[in-house]
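Please read the structure below before turning to the comments.
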Amino acid sequence: MRPLGVATLQLEVVTEISPEIADLVVRAVATYPNHHVEIAIDTIGGDWAASLAIYTALANHKRRVTAHCVKAASSGALIAMSADIRHLDPAGHFFLHMPSGPTATSAQLDKIADAKAAMMASRCRIPAKRIRLWMEKNTFIPAQRALQYGLVDAVPGLVKPELPVVFL
12 MRPLGVATLQ
22 LEVVTEISPE
32 IADLVVRAVA
42 TYPNHHVEIA
52 IDTIGGDWAA
62 SLAIYTALAN
72 HKRRVTAHCV
82 KAASSGALIA
92 MSADIRHLDP
102 AGHFFLHMPS
112 GPTATSAQLD
122 KIADAKAAMM
132 ASRCRIPAKR
142 IRLWMEKNTF
152 IPAQRALQYG
162 LVDAVPGLVK
172 PELPVVFL
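To convert a position in the sequence shown, counted from 1, into our numbering, add 11.
Next comes the structure, spelled out in C-alpha cells:
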C-alpha cells in the first residue's frame, strides 16, 4: 500500500465521466503529488479514454488513494479499482458492461473490454476472464457481493468474509 501524504486531496467524480472531468482530476493529482487522495465516486460511467486517464493518474500516484463509492458503473468501476483502499456504500453497487460507442468498431470495443478487464483484474483477485464475462452479461454487483469478491475492502455495516471467494 502506498504511503500517506502530507495532506489530503479530496476529489469527486459524481457525474458522467467526460474529457473535461478527466482533465480536472488529472491536473489536480499532478498538482499535489505529495498528497494522498480521497475520491468520491457516484457515476453512471462515461467516456472510456477519460476514465482511462483518471485511472492512470490515480494508479500511478505516489501516495495512497482511497475511493468512496456510492455507485460505480462501468468507467466508474475502473476508476475505483485504481485505489489502494475501496469503500462502497451499503446500498451501492458496481455495474459492469461492455463498452459501446458510435464510432468504434466491434474489434476496437473488444480490445477496450479486454484492456479494462485486465486492468481491473490487476487490482483485485478476480481473473480478467471472469470480469470480462460479467461485462458481457451486464452485471450489477451489489455491495455485499463486491465485498465478498474483493472488489471493495469495506462496506459500512458489513463484515469482510474471512475466506475469500475463489474464482476458477
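For each residue, glycine too, the CB sits at the ideal point set by N, CA and C. All values reported here derive from a predicted model rather than from experimental measurement.
Which class does V170 belong to by DSSP, given the choice of helix, strand or coil?
coil
E31 - DSSP class collapsed to helix/strand/coil:
helix
Tell me the start and end of each unbroken alpha helix (DSSP H) in the stretch 54-131 that is at least 4 residues and wholly inside, in chain order.
59-70 and 86-91
Test item: CB-CB of G161 and F106 under 9 Å:
Cβ atoms of G161 and F106: not closer than 9 Å.
Quick one: Cα of E147 to Cα of K82, how far?
Taking the straight line from one Cα to the other gives about 19 Å.
So what's L144 in DSSP terms, helix, strand or just coil?
helix
I'd like to confirm the pairing. Which residues does DSSP put opposite P153 in its beta bridges?
H104
Rounded to whole angstroms, what's the CA-CA distance from A102 to R141? Just pull it up for me.
Rounded to the nearest angstrom, the two C-alpha atoms are 23 Å apart.
Nearest-angstrom Cα distance between D58 and A68?
16 Å
Which word fits S111, buried or exposed, when buried means at least 16 other C-beta atoms lie within 10 angstroms of its C-beta?
exposed
Within the continuous beta strand (DSSP E) that includes V24, where are the two ends?
T19 to V24
V177 in three-state terms, based on DSSP
coil
Out of curiosity, what's the CA-to-CA distance linking P172 and A51?
Going from the Cα of P172 to the Cα of A51 covers about 24 Å.
Could you compute how far the alpha carbon of L174 sits from the alpha carbon of L158?
11 Å
Euclidean distance between Cα positions of Y43 and P113
36 Å
Enumerate in chain order the residues of its own chain whose CB-to-CB distance from R74 is below 8 Å, with the five nearest sequence positions on each side excluded.
R13, P14, L15, G16, P44, N45, H46, H47 and V48
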